[in-house]
Structures are given as C-alpha cells and as structure tokens.
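Some notes on the structure that comes next.
Residue numbers (the working numbering): 4 to 329.
Laid out in structure tokens, this is it:
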C-alpha cells in the first residue's frame, strides 16, 4: 500500500476499477483494509474491500473485490516496514509472482530504526537474509516504452557523485543491466550506451578527465569481453528520438541525468524496476504526493504500468525456470 497518508491507496483503488477494461493482472494489496475502505469512501469510489488470508484467496477474490492481506502495526511506519517484509518474502518464496511497491518517504525506513536510504537497499538486505549468501547488488532502472535508463549513482548529493564513480561500480552496473535486459526483457543481444560524467563527455579532457581515465577504459574492457556497450556520450545529445534507436538502455552517471529524460518522455508511465535481485520488484516512478492524497487528483498510470511490467517480467522468469505461472 505504501505510505497510508500518501496516494498509494488512491492509485490502487483507481487501478482496481480499471481491472477489466485494461485487462490488468490480478494483485493483492498488503496493508490496512480499514485505511483502504476509508479512502474509497473519501474518494466516492465504489470499491468493495475483502480481507484475505493468503495470495491464492486474493487471486480468487480479485474479480469482485479488492483483496487486502491485512498488515497492521503500532503506527504507519511500522505497518509500512511489515508490509515490505511480508511482500518480499512472498516473492522470494514464489507465493507471489512479483512485488509492486507503492510510494513511501525515505524517512519511513529510518523512522523504524533501519539504516537504509530507501526501498531498494532494504530489499537487497532482505534478500541477503533470506538466501543466507552475499547481499545482492541492486540496480535501479527506469522503464518506459520510449526509454530504459539506469543511474550508476542514485540518491546522493551531486558533490558526492564523482568520488563514487569507480571501475567496480561501472562494471557491475553495466553487466547487471545487460543480464537483466536478456533475462527480464527478452533482448538477446542488448546494446548499452553510457553517458559521460561531465558536459560534452569531458570534451577530450578540457572539461574533466573522468571520461578518459575511468569511463572509457571500462567500456573498452567490457566491449572486448563481448558486450555491446559504447560511449561515453554527451548526455545532452543522447536522449532524442534518433539517438534512442541506437541502444536498448542507457547507463547514466547520476540521478537527474537519468530521471529528467525519462520523466520528460513518460512522466505518467514511468516504472522503477530493481535489477540484480532474486525477486521481481517494480514501483511507480513518483512519490507519495501527500498534498493531493484523497483529493481524486492522483493518476494511476504509473502504478498500472508497474503492475503490467511486474507481471510480464515475472512470467518471463517463471517460463525460464520452468515454474508454474500465476
């Protein structure tokens, strides 16, 4: 459900109402059914809420009611964390095909005394705990029909970006992205473009040396190993329509370099996908929008896109592993 004070309940309720006309995959909400019922009344939406005991019961109920697997806590933050943990475990144990997370504020996880800056890092820790092995390296990809883009660094200050860009980080980010494009998106020979860090990709050292000393050598080494990776390219000329025909995904150096073009092209359809995890996780590419929660102004397009992509990737993984599809 995400933060109960945000628009997660709104877009979930609105999406369920479109389940038949948009042929949406069935989903079960983890959260507080009373919150959902109150929000439905506030929005004047005729959505019956049905508490269910498990995911199979939820699947059976979906056609006639919005199924909710009840999660309650001493406060909203406690409920948020419990819902994330239960959904993650269900996806890891394959009781659910995939996981879609509604928006939370980063302070929700910190409030619960968890040292994680957001969903992505926390999910990696939960996967590590479940598997008992090394913590997986999560990579955030933003997806729309027009563009797939991965920021190598995510929620860090701009002044911290350059020191964080390393050979290990770039190499891992590019290889994890290539593997996900093959496994999760069915692109047999993915083409990956890499941006520069500096304006004009450094202008041959006139505006910065990172491209020549770090980024270009990593691209060359990965290309020599057989990956179709190229760059570094000037970010200001990499996202127009003609340029996008030359690659399947872009690795950008920092958050805004990746998210500005994605949100410009597909503000209401963008999906956040976490690569590198042993479960499928997607999310709407927007925040909690507290100011419009309960007003009827929230639009469910990104949540609907996240549902569809989660089902598509989950089904693809199930087929590849020979598991039954839900």
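Built from N, CA and C at the ideal position, the CB exists for glycine as well. Model, not experiment: these values are computed from the prediction.
Of the residues 42, 189, 133, the one whose Cα lies closest to the Cα of residue 323 is 189.
Scanning 12, 141, 4 for the CA closest to the CA of residue 297 turns up 12. Bounds of the beta strand (DSSP E) holding residue 252 are 252-255.
Around residue 108, the same chain offers 6, 291 as residues with beta carbons nearer than 7 Å, after the five sequence neighbours per side are excluded. Setting aside the 5 residues that flank it on each side, residue 76 is surrounded in the same chain by 82, 85, each with a C-beta closer than 6 Å to its C-beta; the list follows chain order. Residue 286 counts as buried, since at least 16 other C-beta atoms from the protein chains shown sit within 10 angstroms of its C-beta.
Taking the Cα of residue 201 as reference, the smallest distance to any Cα among 164, 177, 320, 183 is reached at 164. Selection 265, 316, 308, 301 evaluated against residue 14 yields 301 as nearest (Cα-Cα). Excluding its 5 nearest sequence neighbours in each direction, residue 198 has C-beta neighbours in its own chain below 8 Å: 204, 234, 235, 236, 237, 238, 241, 253, 254, 255, 256, 260, listed in chain order.
Within the region 111-183, the complete beta strand (DSSP E) segments of 3 residues or longer fall at 142-146, 151-154, listed in chain order. A straight-line Cα-Cα distance of about 11 Å links residue 195 and residue 176.
The three-state secondary structure of residue 262, taken from DSSP, is helix. In the structure shown, the three-state DSSP call for residue 322 is helix. In the three-state reduction of the DSSP assignment, residue 23 falls in the coil class. Closest in C-alpha terms to residue 158, from the list 123, 133, 179, 127, comes 123. Straight-line measurement puts the Cα of residue 220 at about 15 Å from the Cα of residue 229. When beta bridges are read from the DSSP output, residue 53 appears opposite 70.
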